[in-house]
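First residue of the sequence shown: 1, per our numbering; consecutive thereafter.
Here a beta-carbon is modelled for each residue, glycine too, at the ideal position from N, C-alpha and C.
Take a look at the structure below.
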Amino acid sequence: MGDKRLTLQSEDFNAWYNELVYRADLADLSPVRGSMVIRPYGYALWENIQAALDGMFKASGHENLYFPMLIPVSYFEREKEHVEGFSPELAVVTHAGGKELEEPLAIRPTSETIVGEMYSKWIQSYRDLPLLYNQWCNVMRWELRTRPFLRTTEFLWQEGHTAHAGAEEALEESLRMVNIYADFAREHAAMPVVVGEKTEGERFAGALRTFTIEAMMRDTKALQSGTSHYMGENFARAFDITFSDEENELRYVHTTSWGVSTRMIGAVIMAHGDDQGLILPPRLAPVQVVVVPIYRGDQPQLARHVLSEAEELAGELAAAGVRVRVDRREGPSPGWKFNDWEQKGVPLRIELGPRDLEAGQVVVAKRLSAEKESLDRRAAAASIPARLEGFQKELYARAESFRDEHTFLADDYESFRCHVGQGWAYVVHCGKPQCEQAIQQDTKATPRCIPFDGPPAEGTCVRCGEPSAYPRRVVFARAY
Ligand SMILES: [Zn+2]
1 MGDKRLTLQS
11 EDFNAWYNEL
21 VYRADLADLS
31 PVRGSMVIRP
41 YGYALWENIQ
51 AALDGMFKAS
61 GHENLYFPML
71 IPVSYFEREK
81 EHVEGFSPEL
91 AVVTHAGGKE
101 LEEPLAIRPT
111 SETIVGEMYS
121 KWIQSYRDLP
131 LLYNQWCNVM
141 RWELRTRPFL
151 RTTEFLWQEG
161 HTAHAGAEEA
171 LEESLRMVNI
181 YADFAREHAA
191 MPVVVGEKTE
201 GERFAGALRT
211 FTIEAMMRDT
221 KALQSGTSHY
231 MGENFARAFD
241 ITFSDEENEL
251 RYVHTTSWGV
261 STRMIGAVIM
271 AHGDDQGLIL
281 PPRLAPVQVV
291 VVPIYRGDQP
301 QLARHVLSEA
311 EELAGELAAA
321 GVRVRVDRRE
331 GPSPGWKFND
341 WEQKGVPLRI
351 ELGPRDLEAG
361 QVVVAKRLSA
371 EKESLDRRAA
381 AASIPARLEG
391 FQKELYARAE
401 SFRDEHTFLA
411 DDYESFRCHV
421 GQGWAYVVHC
431 GKPQCEQAIQ
441 QDTKATPRCI
451 PFDGPPAEGT
461 CVRCGEPSAY
471 PRRVVFARAY
């Protein structure tokens with residue numbers, strides 16, 4: 001942590017984000033342009049995201065497996081829209097072992113193609129279905145403009161790939177997964193996401209339908225935080241994934257895919273952070289409670305006593321299931337340590353000094369407010385899990401009221417233009433790609449989704465006056 005203060009959100013939100021990622025020890029620049037090194041604090045955050053999602057995937061019947069990272073380039077040419085969507089971003093290996101390869105190999109940007117190839121071997125009969133598989137891996141997309149966690153050439157994610165006997169069942173699966181993402185975002189990341197379907201222009205390359213969770217950041221922009229796709233028979237036809245049904249008829253399977261990436265870390269940073277730094281939801285925070293012992297360097301005996309009390313308290317907290325750290329660093333002052341942990345977004349800080357110990361108490365400070373509270377030392381550890389749960393709820397409520405204060409219904413184009421400069425706007429839309437593009441050129445706003453629970457679309461398109469393409473309003477926003 002340098003002496004220079006963090007740029008304020010109101011001064012320059014992008015600068016605030018970029019500085020914070022490095023200052024909070026989440027990531028560092030890599031020598032290769034566009035990629036990043038995820039440092040232990042950032043990786044621990046990812047591990048907590050992974051653990052929660054992985055548990056939800058397994059509870060809903062999915063198994064993990066692993067596909068190789070190199071895919072023959074020719075595979076991408078089998079699905080027309082897929083190749084158009086991904087070709088510009090492919091990184092390709094042409095040489096290996098000192099020789100030019102006979103067939104160039106793509107570093108996976110996503111795995112539908114190789115999954116399709118393997119599923120065509122694994123699936124023969126309706127008895128083999130459904131296949132409900134997921135993999136945790138890295139992927140590479142050669143992006144021109146990159147930002148840590150939000151858009152990097154290499155990133156970590158999970159990609160689920162399922163195959164089903166019929167359309168209805170596959171569609172149900174893709175909806176189940178976007179709802180699992182929404183539950184994760186709400187319950188673990190404390191983000192009140194909007195769940196809905198993408199319009200045609202925003203669909204995944206090769207999908208018939210794409211579902212999404214969209215989160216509002218503190219600058220009111222939207223961040224797509226997880227997507228789930230229903231592919232219909234597109235990939236089954238491209239990779240010849242067939243099965244014989246109960247009547248012994250040969251049919252194509254219906255497939256889905258769904259993914260959440262390290263982008264989720266960017267979402268958590270921008271959905272909750274403030275001018276002091278990160279604010280992490282307790283369920284994902286690598287450190288939920290930091291204990292800062294307070295003593296003076298010229299009183300070694302007292303210092304040892306305070307430190308041993310701090311360790312004892314940390315032991316009690318760990319036994320209560322709390323992720324806790326004691327800040328034993330010798331050099332920095334308590335005030336510097338407070339700032340450092342505030343910047344790292346640790347939900348609760350416990351201060352422990354000689355006077356507190358004498359009075360049989362500790363002081364608890366909450367990252368969400370300036371107030372401090374004294375707790376009875378003996379009862380402190382037992383009360384912390386409930387305080388963390390309370391913090392989690394408070395953080396969600398804060399994000400929800402922020403979102404609601406910046407969400408508008410717009411019925412005419414002038415008020416629409418004004419609202420998408422200040423937040424999200426629900427409008428009636430004609431669904432025409434040219435109309436979406438005209439809106440984007442004029443306002444930088446794009447259709448984020450057609451929210452499942454949004455208001456019904458009564459009236460005509462907010463920009464061109466054509467009839468509505470959808471039964472519900474579309475939410476438009478500027479987005480990352
Ligand atoms: Zn229109």
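Leaving aside the five residues before and after residue i along the sequence, list all residues of the same chain whose C-beta is less than 7 Å from its C-beta, in chain order.
{"i": "residue 207", "result": "229, 230, 231"}
{"i": "residue 320", "result": "381, 382, 384, 385"}
{"i": "residue 375", "result": "361, 362, 364, 383"}
{"i": "residue 415", "result": "none"}
{"i": "residue 15", "result": "7"}
{"i": "residue 77", "result": "83"}
{"i": "residue 249", "result": "none"}
{"i": "residue 67", "result": "111, 114, 115, 135"}
Spatial neighbours of residue i within its chain, please: C-beta separation below 8 Å, excluding the five flanking residues on both sides.
{"i": "residue 467", "result": "430, 460, 461"}
{"i": "residue 237", "result": "252"}
{"i": "residue 240", "result": "120"}
{"i": "residue 110", "result": "86, 139, 159, 257, 259"}
{"i": "residue 124", "result": "243, 244"}
Mind checking whether the beta-carbon of residue i lies closer than 7 Å to any heavy atom of ligand 1?
{"i": "residue 151", "result": "no"}
{"i": "residue 551", "result": "No answer is possible for residue 551: it lies beyond the span of the chain, which begins at 1 and ends at 480."}
{"i": "residue 466", "result": "yes"}
{"i": "residue 218", "result": "no"}
{"i": "residue 463", "result": "yes"}
{"i": "residue 337", "result": "no"}
{"i": "residue 432", "result": "yes"}
{"i": "residue 82", "result": "no"}
{"i": "residue 449", "result": "no"}
{"i": "residue 435", "result": "yes"}
{"i": "residue 429", "result": "yes"}
Provide the residue(s) that pair with residue i in DSSP beta bridges, ordered along the chain.
{"i": "residue 70", "result": "107"}
{"i": "residue 325", "result": "290"}
{"i": "residue 334", "result": "DSSP lists no partner for residue 334."}
{"i": "residue 138", "result": "156"}
{"i": "residue 224", "result": "214"}
{"i": "residue 350", "result": "291, 364"}
{"i": "residue 479", "result": "222"}
{"i": "residue 451", "result": "196"}
{"i": "residue 467", "result": "460"}
{"i": "residue 92", "result": "106"}
{"i": "residue 387", "result": "Answer is none; residue 387 lacks a bridge partner."}
{"i": "residue 257", "result": "161, 229"}
{"i": "residue 407", "result": "424"}
{"i": "residue 64", "result": "134"}
{"i": "residue 37", "result": "28"}
{"i": "residue 486", "result": "Because the chain in this structure spans residues 1 to 480, residue 486 falls outside the shown range and cannot be described."}
Could you tell me whether the Cβ of residue i comes closer than 8 Å to any Cβ of chain D?
{"i": "residue 346", "result": "No chain D appears in this structure, which consists of one protein chain only."}
Among residues of its own chain, excluding the 5 on either side of residue i, which ones have a beta-carbon nearer than 6 Å to its beta-carbon?
{"i": "residue 148", "result": "21, 27, 36"}
{"i": "residue 316", "result": "381"}
{"i": "residue 172", "result": "none"}
{"i": "residue 478", "result": "221, 444, 445"}
{"i": "residue 325", "result": "287, 290"}
{"i": "residue 136", "result": "158"}
{"i": "residue 396", "result": "190"}
{"i": "residue 151", "result": "143"}
{"i": "residue 10", "result": "none"}
{"i": "residue 204", "result": "210, 229"}
Would you please state the rounded distance, in angstroms, between the beta carbons of residue i and residue j? I believe it to be under 8 Å.
{"i": "residue 119", "j": "residue 163", "result": "5 Å"}
{"i": "residue 211", "j": "residue 134", "result": "So it is not a contact: roughly 17 Å between Cβ atoms."}
{"i": "residue 306", "j": "residue 352", "result": "6 Å"}
{"i": "residue 282", "j": "residue 402", "result": "Incorrect: roughly 19 Å between the Cβ atoms, too far for contact."}
{"i": "residue 191", "j": "residue 267", "result": "7 Å"}
{"i": "residue 265", "j": "residue 273", "result": "Residue 265 to residue 273, Cβ: 12 Å. No contact."}
{"i": "residue 473", "j": "residue 426", "result": "4 Å"}
{"i": "residue 196", "j": "residue 450", "result": "5 Å"}
{"i": "residue 476", "j": "residue 420", "result": "6 Å"}
{"i": "residue 471", "j": "residue 455", "result": "Not really, about 10 Å apart at Cβ, beyond 8 Å."}
For residue i, is the beta carbon positioned less than 7 Å from some heavy atom of ligand 3?
{"i": "residue 121", "result": "In the structure shown, ligand 3 is absent; the only ligands present are ligand 1."}
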